[in-house]
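*Asks:* Going by the working numbering, the sequence shown opens with residue 7, and the numbers climb by one from there. C-beta atoms are modelled at their ideal positions from N, C-alpha and C, and glycine is treated no differently. These numbers were taken from a predicted model, which means no experiment stands behind them.
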Amino acid sequence: MNKPLVFKTFAKYNAFRKNLKGTVGFVPTMGALHQGHAGLLKQSAAENDYTVLSIFVNPTQFNDPKDLEKYPRTFDADFDLAAACGVTAIFFPDHNEIYADKYQFIMTENNFSKILCGAFRPGHFNGVLSVVMKLFNMIKPTKAYFGEKDFQQLQLIENMVKAYFIPVEICRVKTLRDESGLALSSRNTRLSPPGREKAALIYKTLKSAPSAGEAKNSLNQSGFEVDYLEDIDGRRFVAAFLEGVRLIDNVTI
Ligand code: PAF
């Protein structure tokens, strides 16, 4: 098992990138890696000559400062998981490396980013799209891998890549779930064991309820606080709080 190289600055990463001959797969993350990330990394490692993982807890996509503070930071475990998944290099920049412009330049989308999560988390997708644009320009990947759990994010990134002619192929990866059906997420670690069991209701309800309205009522009655539960273009989307943790999921209908 090869140990990944760790780059904290763009200058050092870029010097390394210039010498790579072949395809580069990229998995951008905020760390706290779980088996869902492992799936993305392994797919990238299988399909590319090199795989780059980035770990950066991006403050501009957190509209709630407490959520940012509580976001788990687990670099040592992330490093070991990356090594086990065949990652070549980890880009682990600090804030100034990414936001030397102090977030004076912002990538915005004016339609799909305003509904669902965008309606409840003002500025969230500006933060996501801005950091992903920066990371694509820094890492210069051939392909980049995103999970379908964050479907709205994935679709916005696909559309940004088209709109700005960014030479990156976006690869969709199916949501990984635990045995109960709960979508894997770094936030699940913040749930109590009974909370985690209850959280499995999200997926079950999304799949079985005859309508979005009924699914929403059923989750609210079970003790979730639903932000939204909507059917759009053949997909059912939900965001709901449980034990103060915001969980999202989606299924095709
Ligand atoms: O999905 C995530 O973890 C983040 O939104 C991303 C794409 C790494 C941008 O910070």
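1) Got a sec: does the ligand PAF put a non-hydrogen atom nearer than 7 angstroms to the Cβ of Asn64?
2) Do Asp100 and Lys18 have their C-beta atoms within less than 8 angstroms of each other?
3) Helix, strand or coil: which one does DSSP assign to Asn8?
4) Run the CB neighbour count on Ser136, radius 10 Å, all protein chains shown included, and call it buried at 16 or more, exposed below.
5) Spatial neighbours of His40 within its chain, please: C-beta separation below 7 angstroms, excluding the five flanking residues on both sides.
6) Counting pairs of Cβ atoms below 8 angstroms between the segment 169-179 and the segment 140-151, do you hit three or more?
7) Only counting the same chain, and skipping five residues up and downstream in sequence, which positions put a Cβ closer than 7 angstroms to that of Pro128?
8) Which class does Asp184 belong to by DSSP, given the choice of helix, strand or coil?
9) Taking 8 angstroms as the threshold (C-beta atoms), are Cys91 and Ala38 in contact?
10) If I measure Cβ to Cβ from Ser50 and keep anything under 6 angstroms in the same chain, skipping five residues before and after, which residues do I get?
11) Residues in the same chain with beta-carbon distance under 7 angstroms from Asp255, minus the five sequence neighbours each way, listed in chain order, please.
12) Rounded to the nearest angstrom, what separates Phe111 and Phe131 at their Cα positions?
13) Let me know if Asn102 comes out buried or exposed under the rule of 16 or more other beta-carbons within 10 Å of its beta-carbon.
14) Answer yes or no: do Lys260 and Ile172 have a C-beta to C-beta separation smaller than 8 angstroms?
15) Can you pull every residue whose C-beta falls closer than 6 angstroms to some heavy atom of the ligand PAF, listed in chain order?
16) Round the Cβ separation of Val251 and Arg196 to the nearest angstrom and send it over; I've been treating them as touching at under 8 angstroms.
*Replies:* Here's the rundown:
1) yes
2) no
3) coil
4) buried
5) Leu190, Ser192
6) yes
7) Asn69
8) coil
9) no
10) Gly31, Val33, Thr57, Tyr151
11) Lys155, Ala189, Ile208, Tyr209, Leu212, Val244
12) 14 angstroms
13) exposed
14) Any property of residue 260 remains undetermined from this structure, which presents the chain solely from 7 to 259.
15) Pro34, Thr35, Met36, Asn64, Gln67, Val134, Val137, Val138, Asp156, Gln159
16) 5 angstroms
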